[in-house]
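Asks: Chains as they are written, first to last, in the numbering used here: chain A, 5 to 311; chain B, 771 to 1011; chain C, -11 to 499; chain D, 36 to 268; chain E, 46 to 435. Here's a structure for you.
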Amino acid sequence: MDATLVIYALYLAAIYALMAIGISLVWSSIGMVNMAYGATFAVAGYAAYFAADAIAPAIRSWSTGVDGMVLLAVLTVMAGMIAGGLFGILVYLVAFLPIHDKPNFAIRSLIVTLAINLAAVQALLFAFGPQQKALPRIFGVGRFNLLGTSMRLDQAITIVTTIVLLALVLLWLRISRRGLEIRAVMQNSEGAALCGISTRWTALPVMMLTGSLAGLAAVLLSQSIFVNPSAGTTPLIKGLTIALLGGLGSVPGAVLGAILVGFLEAITGIIPFLGQRYVLVVQFAFIVLVLLIRPRGLGGLLDETRE
Amino acid sequence: MLPTGACFGCEGVMLSLGGRRILSDVSLHVKRGEVLGLIGPNGAGKTSLFEVLSGRYHPQQGSVFLDELRLDRLDIFRRARLGVARTYQSPVVPNALTIGQTLRAARKAYAPMMSAHDAEWAARLVRLDASWDRTAGSLDTFDRRKLLLACLMMRRPRVLLMDEPASGLINTEIAELDLLLRKFADEYHLAIILIEHRLELLGAIADRVYVLDLGAMIAEGAPEDVFRDDRVQAAYFGGVA
Amino acid sequence: MMSTNKPAASYVKVGRRSDEVTLKPDGDQLWHRWRPPFSRRHWLAWRGRYNPRSLRRERLLVDKRPLWWTLGLGGLLIAVPFLSDQFVNIAAIFCIFAAINVIWTLIVGAAGIFSLATMAVVGLSAYAAAAANVYLGLPWPLMMPVGAAVGLIFGLLLALPSTRLDGLYYALLTLGIAEICRVSISQIKALAPSNSSINGVDSFIPSAWHLQRPGLLLGFAGAFVLLLCALLVFRLVNTERLGLLLQTAREDEAFAEAVGIDYRRARWLVFVLASSALGAIGAFYAMFYRSISLAVFSLDQLLLLFAMIVIGGLGRSEGAVLGTAIVVLIDKGLIGLGPLRIIIVTAVMIVVALTAREGLTGIKAQFQAFRNRKKSERRAARTEKGGEVMPEEATEIADKQLIYRRLFDKRLRDALKSSITPDLIAEHRAKPLGQHSDALDRLLNYFRREEMPDKYAILRVGPLRSCSYRVMALSGRAGHPPRLVDDKLYPTLDEAYHAVFLLRINDLLAS
Amino acid sequence: MSGTLLAVRGLSAGYGPLRVLHDIDFSIAPGERLAIVGLNGHGKTTLFRAIMQLVGWQRGSVLFEGKEIGGTRSLGEGRYTPGIVRLGIAMTPQGDAIFPGLTVREHLDCGAHAKTAWRDRTRRRERVYQLFPQLDELQGALVGKLSGGERRMVSIGRALMSDAKLYLIDEPTLGLAPKVSKRVIEALVNIPLEGKAMVITEQNVALLSGAVSRMMGMHAGRLRGEVGHVGLA
Amino acid sequence: ADDILIGVPTAQSSPVGVGDQKDWLNGVTLAIDEINAAGGVAGRKLRAEVTDIDIMTPEGTVSAMQTLTGKRVHAIASAFVLIPQPAMDAAAASRTPYLHGNTSIASLELVKSNPAKYKNIFQIDPAETWYGYGFVRYLKQLAAAGWKPKNNKIHIVQEQISYTQVISKSVQKAIAESGGEWVLGPVTDIQFPVQDWSPVLRALHDSDAGVMFIDHWVAAELAAFAQQFAADPVKGSLVYLQYGPSQPEFLKLAAGSAEGMIWGTVIGTHADGKGKDFRSKYIKRFGDNMGLVYTGSGYDTVKLLATVWENTDPSNFDAVGSAIRKLRYEGVCGTYTFDNSEQAPPCHPWQTEDVKAGISHLLLQVQDGQHKIIAPAELAEVKIKPAPWF
Ligand SMILES: Nc1ncnc2c1ncn2[C@@H]1O[C@H](COP(=O)(O)OP(=O)(O)OP(=O)(O)O)[C@@H](O)[C@H]1O
Ligand SMILES: Nc1ncnc2c1ncn2[C@@H]1O[C@H](COP(=O)(O)OP(=O)(O)OP(=O)(O)O)[C@@H](O)[C@H]1O
Ligand SMILES: [Mg+2]
Ligand SMILES: [Mg+2]
């Protein structure tokens, strides 16, 4: 397998990792399977699209050079992430706040987020129609040579940004006070309350963070596909499966899972007699296999205590 | 193999979990109608030993015997069906079920099914006199323990492993528990193994006492001798008796 | 037993043997009467009770659900013939989905296995049955058995990992398997021309009637019967032995294990049973539509079904049916509204999930819990009544007599407390027995009247000549030994009497 | 206001239909060690949980440093608890309300979660390790795997990590071997209380006698005032 | 008199086909309004009964059709469903005339197989098989006209639904029949939704075939392909995108990178006088994102129904059916005739030489940001132009 393939695999891995980690974090910290993540993705995509639409002319008039490009890129990404964060807050307000300390929250929140997802997709369909929207190629469509392999600019940038961001998030979770908070709440919210940790105030930043991660993923992925109401579905499924594959709650597990699945997809894509149509099957077969070997996913946590 | 007369026990059990050595070369045995005490400081491995005896943990070395047959590879419920009954450190009950339902479940757990009469008998035997319509979750500590005991006694087990049965009980309740245990031992000839920190209870009813420390047996014998043993004093009472 | 001849320093053996010896009843056989399911004497759970307020005995129906079932299903049965074609069809679809959901509830609720392969089982067996019919010319009456068989086999395969994995992980696994099924069917070249859907399947509806009024009615009838069968299966599994064992295990696995319940096997059984039931339903599905397509496997549909279950109330058959009814009615009945209907469905989902913690069928219980809380808060406000109630029994006491008795008792005690003075005590110390002042007499009478548990006894220790006395507290329960209250020794009986008196006063003041 | 740190007036609480506490009145002055002894199932834990706003429902007033933290705010259990903790009440729950997936060290850090405490958490950890040397070698172990006793030490240690003015310690010796119980009680007694106060519930009076400044008996959800008599020997 | 109802099952909430079906609905609406403005049919106004349909599933299809027949519509005009038979059965059950643009050989086979049952069911365009035959024969014409392909390999990239599968098969069949003039290159499988075309591009580069037949139908993804292909094209090979580009958003999404790509459709709005003024009317009414296919065919369908209803009683379904079978109607997409066993118009130029005798298989090329018809010759606006990467 040659370099371009590796790049492609990493590129997929990056996007999946963004989604998977979002889902994994939300689950592990506030015990909610966020089915509205797909909607977050789509909404952020639209927001980025309209933002870019609005500002692109202004920026072009200001400068058409690299600095213009960069400014546009930054603004678009920001728009996406902010929109994602805001949608995260919406989910927090609707699906988390009212019922987070009520009986069987997990299932109920699952249903609520599911509903939000459905509603949001339909709303987008209603508001902006089925036609797909093309984000400006904020990273350009050029290619450049690195160590003798020509790679697509957007893929390269995507990979780099993701790696950086994820590194930051991981670090933050490990060492910071909030990180400890999050893990404490995830373990036992009453115990956390007795430590002075408020579940509700821990959950808010988590939802915003994951939301904006989804936003970022949306902008990055929309460099190769287009924004449309149901654009979030596939990323949601992939994210969900990978989050579980990595072991819910284990961020490193999610990253590892994303990389594995990315490479798997890239390779199955080119194997002649398999071809792209088998990507899904191979992927799920792989996941099934892993789960049979490691029932708690790759980075499964200990979550049973003793009598 | 067990020494003659013993009906239950383990030989040279070695257990390590998560890379930690929990139990090393532990052997113990108990006769029918005998009450065996098992004491030791916290973390000594008492509960772990119970888990081994009752089949939740499978030891790396050593084996568990019931009369002649080795139980090594059998799961908890299989051993339970062979007559190895155990209770837990925390008073577990199916919270949402009523006492009646719980007993019914125990009756129908496996063939031969017990009759409703057996359930009543068992409940009476352990003096569980709460109304059968109450949910098990609303019971207090002692009644929860009694409920589990009733479910176990219904089947006339041969061995009874009790993990800190008196924790969270008050004196009168402990006295009652004492009565029950004696009755089981004397009238129904159960072999009883008892983890207990309340020494008054242990001293009163145990015929022999094993002392476990850091996963190893450091003493065995009649209670009063054992309590006087220096190593035990050091390990368990920290010098102060 | 050797424990008798063993002195134990810290512990004094009092009343060491129980008074009565409980013998195991023999002649069990008499009591081993096995009664086949549904052959019980009373179909409805009547409970006779004595009403302490109205002082007469009354009969009340403990469990009214059978009535609701007959009302709801009967109503549907009667209503359908008068509906338009479209709604007859919707009713039939409702029955099919309800059947699927009921069985799924069995898997998720009773067996506690969070499987998302439900529609996969349905779909696979539907495909198998349809293919057998279309390509191998299997007559339609045999389709459901074939479906059931396929479901059984598939269920066996799915059940293998179900013991190793748990919760969401198993859900993911099953999801993956479902996806694999979908894609592998979509890759069958033979089916490609029809988008891998099998059409023109035989059916219990004569093809002449297909999509005509009589055909629709017949289809509905079939679906209705299917639903009834599903409910029967649910009832048989969930409330008979298996269900009970599984419920115990769900509540507390450790307990179940200790009692000897092999809950893994029970789960496995239920799962496989349910799977083959789903398989049969799948075959029916194919017959009903005369075609089967990949959409059976679609995730959206699956999630929608799950939403139905949760809306109705997870773990209850009535919940599954109710939820299905609501969602299907909106989704299919309001098809004229276009996408708007989906918004409505989501709105329903959100509202129910946010307000009802156990789904719609759980609302009653939820409301009662709420009312109880308010009640006890109100009781807390007025400390008078119930104030004397112990925490264990503080729930609503049916017998008001008891409360008034306690109320009276409380007043009396307050009066007596006020009468206690040092010289009263002095008087008693001087002369425990014999003639007393009025106040002291009242006090002593009160003590004598009290119940056994609060009383004390005097124990003589040592030989008769040089004996001394100790005070014991009676347990008040047969077979429960009195316990020593302290290790004071009283040389004379009178001092012992006085000690007891002080104890009683102490208790009185403390109460 | 130095007179009383915590003042409880007419506090009633319960779970759903069940009423457990019947208008409790008591108060603690700074520097005091109060023990509440009572048979089990009689509401000690519930009292603590009521102070922390963790019970199903409650009414009556709880004044902490003159600030009302009681009342009938049945907005859901545990909504107000963090606020109360931040005011300076630390409670070790009965049994193990702890984080099975965290290591002992992280677990202790949670105790020092408040910003100020967070800075010198290492020092505090050392202090706890001195009290319970056993924990020192278990630092990296997952709490979920510790034995009953070890868990209890961890959760007491957690309470000590925070700089609270009032410690509520529920049955510190439940299920502990005599040796360890003694150590625990000693530890609790040795904690210097300048201006701080501590409430301990116990069933075993003998352990506490002499160790605390006051003992109150609890029976059937009522406080029976000072304990001298035999009701619960 | 009461209105004449035209049932229009329209996918509004399903993941695919929403754009096309909207086009169709617009076309229908336009026609109905015109007719009503002109006083309706025999004094009766036309009215569209729109209902949401789930074109992916038999159940959804059937229930939508039932809703319509339940409302006693006089005819059903449907853009397309993906699984023909259930829809046809549902329509046949009430004998309602059912005109559809399924573009599927399967439907035609069904009609042929059971004329009695399906006699009121008509497909308003030729079968999709002609995409394949037509394209290969067109290549022959090109070669005759002096175009030199760099090699005679045809690389097929195929999606998985039956439609694209059938087309792919027909291409391969045509290649086989071309007697060695063309040879089959590699066949690459893709599956909707296509996240990223990189693997496909790799495959294309590897094969370096003279002709690349992208057999996919989702406009947006074809646009994505166009962009990524433009980023690093395969020098000198002719790229054909099947049907997808007809959808309005294609050009906007491709943002110029589609320049020089060729695509085709077996039915499409012509650019002759009639076609032109239809396009202008449409754009005036619905704004400037017009699909080239279902807009026109929807329009025509209603118009031809109207002409039939002029002198047959709409509620006498069989009469209407036989009238349609006898009908010959010239619309903006060509000439509709149904009097053959398949009850579908023939495909010009491959089945009939006469442009006035059938529906033309149009081939178009994107030239300076516009779709331009390049074949058949009778309808061509412009000549084919070498693509930028030649
Ligand atoms: N599953 C496990 N994984 C890792 N370590 C374990 C596990 N189970 C027990 N241990 C360790 O084994 C040791 C013995 O535990 P055990 O519960 O048997 O002690 P114990 O004697 O029951 O203490 P206590 O009297 O407090 O119950 C403890 O140090 C505990 O940390
Ligand atoms: N979550 C709960 N739901 C319902 N009732 C409860 C709950 N917790 C406690 N109770 C009841 O409240 C009463 C008091 O319980 P509590 O735990 O406060 O007593 P305690 O003195 O702490 O007992 P222990 O000494 O065993 O800890 C008991 O009767 C118990 O049954
Ligand atoms: Mg233990
Ligand atoms: Mg307590």
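By construction, the Cβ of each residue, glycine as well, lies at the ideal position given by its N, Cα and C atoms.
Using only alpha-carbon positions, find the residue among 46/C, 34/C and 72/C that is nearest to residue 54/C.
Replies: Looking up residue 54/C in the third sequence gives position 66. Cα-wise, what sits closest to residue 54/C is 34/C.
Asks: How about residue 916/B and residue 896/B: are their beta carbons less than 8 Å apart?
Replies: Within the second sequence, numbered from 1, the residue matching residue 916/B stands at position 146. Within the second sequence, numbered from 1, the residue matching residue 896/B stands at position 126. Yes.
Asks: Pairing CB atoms from the stretch 93 to 105 of chain D with CB atoms from the stretch 37 to 50 of chain D, are three or more of them under 8 Å?
Replies: yes
Asks: Excluding five sequence neighbours on each side, which residues of the same chain lie with their C-beta closer than 8 Å to the C-beta of residue 455/C?
Replies: Taking the first residue of the third sequence as position 1, residue 455/C is located at position 467. Within the same chain, residue 455/C has close Cβ partners 448 and 449.
Asks: For residue 157/C and chain F, any beta-carbon pair shorter than 8 Å?
Replies: Of the protein chains in the structure, A, B, C, D and E, none is chain F.
Asks: Rounding to the nearest angstrom, what Cα-Cα distance links residue 219/A and residue 140/A in this structure?
Replies: Position 215 of the first sequence, counted from the first residue, corresponds to residue 219/A. Position 136 of the first sequence, counted from the first residue, corresponds to residue 140/A. If you take the alpha carbons of residue 219/A and residue 140/A, they lie about 16 Å apart.
Asks: Would you decide whether residue 20/A is buried or exposed? Buried here means 16 or more other CB atoms lie within 10 Å of its CB.
Replies: Stepping through the first sequence from its first residue, residue 20/A is reached at position 16. Buried.
Asks: So residue 56/C is in the alpha helix (DSSP H); what residue range does that whole segment cover?
Replies: Translated into the one-based positions of the third sequence, residue 56/C becomes position 68. From DSSP, the alpha helix (DSSP H) with residue 56/C extends over 53 to 67.
Asks: For residue 17/C, does the three-state DSSP call read helix, strand or coil?
Replies: Residue mapping note: residue 17/C aligns to position 29 of the third sequence, counting from 1. Low per-residue confidence applies at residue 17/C: pLDDT is 49, beneath 50, and the placement is therefore not dependable, though the value from the model is reported in the following sentence. Residue 17/C: helix per DSSP, three-state reduction.
Asks: Could you tell me which uninterrupted beta strand (DSSP E) segments, each at least 3 residues in length, are contained entirely in the stretch 187 to 223 of chain D, listed from first to last along the chain?
Replies: Qualifying beta strand (DSSP E) stretches, in chain order: 201 to 205.
Asks: Assuming residue 228/A and residue 241/E form a contact by the criterion Cβ under 8 Å, report the distance between their Cβ atoms to the nearest whole angstrom.
Replies: Walking along the first sequence from the start, residue 228/A turns up at place 224. Walking along the fifth sequence from the start, residue 241/E turns up at place 196. Indeed they touch by this definition, with Cβ atoms about 5 Å apart.
Asks: By Cβ distance below 8 Å, which residues in the same chain neighbour residue 488/C in space, the five residues on each side in sequence not counted?
Replies: Residue mapping note: residue 488/C aligns to position 500 of the third sequence, counting from 1. Same-chain partners within the cutoff: 444, 446 and 459.
Asks: Which whole-angstrom value describes the C-beta separation of residue 255/A and residue 52/A, a residue pair presumed to lie in contact below a C-beta threshold of 8 Å?
Replies: Residue mapping note: residue 255/A aligns to position 251 of the first sequence, counting from 1. Residue mapping note: residue 52/A aligns to position 48 of the first sequence, counting from 1. Not really, about 25 Å apart at Cβ, beyond 8 Å.
Asks: DSSP beta-bridge partners for residue 92/D?
Replies: Within the fourth sequence, numbered from 1, the residue matching residue 92/D stands at position 57. Residue 92/D pairs with 49/D.
Asks: Buried or exposed: which applies to residue 62/A, given that a residue is buried once 16 or more other Cβ atoms fall within 10 Å of its Cβ?
Replies: To locate residue 62/A, count along the first sequence from 1; it is residue 58. Per the 10 Å Cβ criterion, exposed.
Asks: Find the nearest neighbour of residue 824/B within the set 242/C, 272/C, 116/C and 470/C, judged by alpha-carbon distance.
Replies: Position 54 of the second sequence holds residue 824/B. Among 242/C, 272/C, 116/C and 470/C, the Cα nearest to that of residue 824/B is on 242/C.
Asks: Give me the residue from 962/B, 791/B, 966/B and 981/B with the minimum Cα distance to residue 776/B.
Replies: Sequence index remark: in the second sequence, residue 776/B carries index 6 (1-based). Answer by Cα proximity: 962/B.
Asks: Looking at the secondary structure, which residues open and close the beta strand (DSSP E) in which residue 119/E lies?
Replies: Reading the fifth sequence from its first residue, position 74 is the one you call residue 119/E. Segment: none, residue 119/E is in no beta strand (DSSP E) and carries neither H nor E.
Asks: Determine, using beta carbons only, whether residue 773/B comes closer than 8 Å to chain C.
Replies: Residue mapping note: residue 773/B aligns to position 3 of the second sequence, counting from 1. Taking Cβ atoms only, chain C never reaches closer than 8 Å to residue 773/B, which makes this a no.
Asks: Can you find at least 3 beta carbon pairs, one from the stretch 318 to 333 of chain C and one from the stretch 94 to 103 of chain E, that sit closer than 8 Å?
Replies: The stretch 94 to 103 of chain E and the stretch 318 to 333 of chain C touch, with three or more beta-carbon pairs separated by less than 8 Å.
Asks: What residues from chain A crowd round residue 141/D, counting only those whose CB sits closer than 7 Å?
Replies: Position 106 of the fourth sequence, counted from the start, is the residue given in the question as residue 141/D. Chain A residues near residue 141/D: 184.
Asks: How many Å lie between residue 231/A and residue 270/E at the Cα?
Replies: The residue labelled residue 231/A in the question sits at position 227 within the first sequence. The residue labelled residue 270/E in the question sits at position 225 within the fifth sequence. Answer to the nearest angstrom: the Cα atoms are 15 Å apart.
Asks: Along the chain, where does the alpha helix (DSSP H) containing residue 208/E start, and where does it finish?
Replies: Walking along the fifth sequence from the start, residue 208/E turns up at place 163. Note, residue 208/E: alpha helix (DSSP H), 207 to 222.
Asks: Is there a Cβ from chain A that is less than 8 Å from the Cβ of residue 297/E?
Replies: Position 252 of the fifth sequence holds residue 297/E. Yes - at least one Cβ of chain A is within 8 Å of the one on residue 297/E.
Asks: For residue 103/D, which of helix, strand or coil comes out of DSSP?
Replies: In the fourth sequence, residue 103/D corresponds to position 68, counting from 1. In the structure shown, the three-state DSSP call for residue 103/D is strand.
Asks: In the DSSP assignment, find the unbroken alpha helix (DSSP H) run with residue 201/A in it and report its ends.
Replies: As a first step, residue 201/A must be located in the first sequence, where it is residue number 197. Element bounds for residue 201/A: n/a, residue is neither H nor E.
Asks: Chain A partners of residue 64/E, CB-CB under 7 Å?
Replies: Your numbering for residue 64/E matches position 19 in the fifth sequence. Those within 7 Å of residue 64/E in chain A are 134 and 135.
Asks: So for residue 230/A, helix, strand or coil by DSSP?
Replies: Position 226 of the first sequence, counting from 1, holds the residue named residue 230/A. In the displayed model, residue 230/A falls within coil according to three-state DSSP, outside both helix and strand.
Asks: Contact criterion: CB-CB distance below 8 Å. Does residue 471/C meet it with respect to chain B?
Replies: Here residue 471/C corresponds to residue number 483 of the third sequence, with the count starting at 1. Chain B, which has a Cβ nearer than 8 Å to the Cβ of residue 471/C, makes this yes.
Asks: Taking the straight line between their C-alpha atoms, what separation do you get for residue 275/A and residue 214/A?
Replies: Translated into positions along the first sequence, residue 275/A becomes position 271. Translated into positions along the first sequence, residue 214/A becomes position 210. Taking the straight line joining both Cα atoms gives about 35 Å.
Asks: With burial defined as no fewer than 16 other Cβ atoms inside 10 Å of the residue's Cβ, what is the status of residue 359/C: buried or exposed?
Replies: Looking up residue 359/C in the third sequence gives position 371. Residue 359/C is exposed by the Cβ-count criterion.
Asks: When we look at the beta-carbon of residue 485/C and count the other beta-carbons within 10 Å, is it buried (16 or more) or exposed?
Replies: For this step, residue 485/C is matched to residue 497 along the third sequence. It is buried - the Cβ of residue 485/C has at least 16 other Cβ atoms within 10 Å.
Asks: Select from 259/D, 220/D and 41/D the residue whose C-alpha is nearest the C-alpha of residue 188/D.
Replies: Taking the fourth sequence and counting its residues from 1, one reaches residue 188/D at position 153. Closest by alpha carbon: 220/D.
Asks: Should residue 82/E be labelled buried (16 or more other beta-carbon atoms within 10 Å of its own) or exposed?
Replies: Residue mapping note: residue 82/E aligns to position 37 of the fifth sequence, counting from 1. Answer is exposed; the Cβ neighbour count stays below 16.
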